[in-house]
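Each position in the sequence shown, counted from 1, maps to that position plus 6 in my numbering.
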Amino acid sequence: MAKTPLSILITGANRGIGLGLVKSLLASNPQPHHVIATSRNLGVDGSKELENLAAKEPRLSILQLNVANSATFSTVVKAVDELVKENGLNVLLNNAGITVKKRLEDLTADDMAQAFITNTIGPLMLTQSFLPLLKRAASHASDKPLGWQRAAVINMSTILASISSNNSGGLYPYRSSKTALNAITKSLSVDIVKDGIITCSVHPGWVQTDMGGPNAPVTIEDSVKGMLKLFAKLDYNSNGGFFQYDGSVMNW
Ligand SMILES: NC(=O)c1ccc[n+]([C@@H]2O[C@H](COP(=O)([O-])OP(=O)(O)OC[C@H]3O[C@@H](n4cnc5c(N)ncnc54)[C@H](OP(=O)(O)O)[C@@H]3O)[C@@H](O)[C@H]2O)c1
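If you want it as structure tokens, here you go:
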């Protein structure tokens with residue numbers, strides 16, 4: 007039987023990899039009690055598929071969340087608290103992300119700031135906001151070993167965050183904001199493991215989404231299938247790690 011957490015929140019879940027994760031989790035056995043999918047815009051075409059899914063899936067809840075607007079995080083935490091109650095939130099999956107494709111010559115300070123606000127600062131501040139609910143989950147499931155069934159923060163990184171694998175340069179906003187996200191993963195793994203929460207970064211592969219483009223070799227389904235298998239195996243030894251969707255270890 008697959009190991010699934012009781013509750014999981016996924017940011018940027020209205021399309022791409024985030025939506026793929028939501029669909030697979032709802033198809034898993036056992037199903038999580040709460041799959042909480044967030045989207046920065048609700049009631050628009052870009053969220054229609056997710057909203058249609060929620061209309062027929064009682065275990066799927068949708069909340070509005072712009073990860074670049076930390077002033078709204080407490081409202082989202084309150085809504086999640088009301089859903090998960092004494093069980094807390096088992097998994098926070100920081101998936102929402104953006105690329106800013108600019109040549110070095112055209113890059114602006116604002117391009118860098120936008121990437122960092124969404125890809126780095128958003129996930130960190132959201133994790134900080136959800137800490138009480140993650141701690142509650144870890145304590146409520148203290149009979150379980152460290153892992154995503156107990157409590158986990160999973161940060162969606164990329165191979166492009168790997169400094170040692172960077173042989174092609176460029177992509178300053180995306181690479182550096184995701185490398186900083188990896189640094190956050192590492193610090194969280196040191197700081198919150200004592201609370202029963204593990205943290206890791208994952209590279210989903212080069213995936214066929216709006217971001218990955220049509221030439222990407224990996225389908226959303228294969229990426230998600232691999233990641234869910236990886237997440238179910240996370241343990242003390244994986245804490246602070248950087249993994250690819252197929253379970254292999256990535257270079258920092
Ligand atoms: N695809 C790949 O090959 C690949 C490779 C490595 C890593 N990744 C990472 O995987 C994650 C998902 O990527 P993807 O390929 O699924 O990308 P995608 O198809 O472009 O989807 C990105 C998602 O993030 C959301 N998002 C962006 N900014 C947001 C914000 N401020 N607040 C809330 N949501 C926001 C988007 O929402 P809207 O619809 O509102 O824009 C969308 O739901 C990203 O972190 C990306 O860096 C992807």
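Just so you know, even glycine gets a beta-carbon here, dropped at the ideal spot from N, CA and C.
Under 8 angstroms between C-beta atoms of residue i and residue j
i: Leu99; j: Gln70; result: no
i: Leu56; j: Ser67; result: no
i: Gly24; j: Val73; result: no
i: Phe237; j: Ile160; result: yes
Outcome for residue i when other beta-carbon atoms lying within 10 angstroms are tallied against a minimum of 16
i: Gln214; result: buried
i: Gly103; result: buried
i: Leu110; result: exposed
i: Val196; result: exposed
i: Lys107; result: exposed
Unbroken alpha helix (DSSP H) run spanning residue i, endpoints
i: Leu4; result: Past the edges of the chain, shown from 7 to 258, lies residue 4, and the structure says nothing about it.
i: Val97; result: No alpha helix (DSSP H) holds Val97; the beta strand (DSSP E) holding it covers Val97 to Asn100.
i: Ala167; result: Neither: Ala167 is in no alpha helix (DSSP H) and is coded neither H nor E.
i: Ser174; result: First-last for Ser174: undefined, no H or E at that position.
i: Lys70; result: Per the sequence presented here, residue 70 reads as Gln, with Lys not at that position. Not the alpha helix (DSSP H): Gln70 falls in the beta strand (DSSP E), residues Leu66 to Gln70.
Residue i - DSSP class collapsed to helix/strand/coil
i: Met233; result: helix
i: Gln214; result: coil
i: Ile204; result: strand
i: Val50; result: coil
i: Thr78; result: helix
i: Val41; result: strand
Candidates the options: closest to residue i by CA position
i: Tyr180; options: Ile160, Ile123 and Thr81; result: Ile123
i: Asp87; options: Leu140, Pro220, Val230 and Ala158; result: Leu140
i: Lys145; options: Glu92, Ala115, Thr114 and Asp112; result: Residue identity differs from the one stated: residue 145 is Ser in this sequence, not Lys. Looking at the Cα atoms, Glu92 is the closest of the given residues.
i: Pro11; options: Ser244, Val82, Pro38 and Gly246; result: Pro38
Endpoints, beta strand (DSSP E) assigned at residue i
i: Met162; result: Ala158 to Met162
i: Ile23; result: Unbroken run through Ile23 is the alpha helix (DSSP H), Gly22 to Ala33; no beta strand (DSSP E).
i: Pro155; result: Going by the sequence as given, residue 155 is Gln instead of Pro. Element bounds for Gln155: n/a, residue is neither H nor E.
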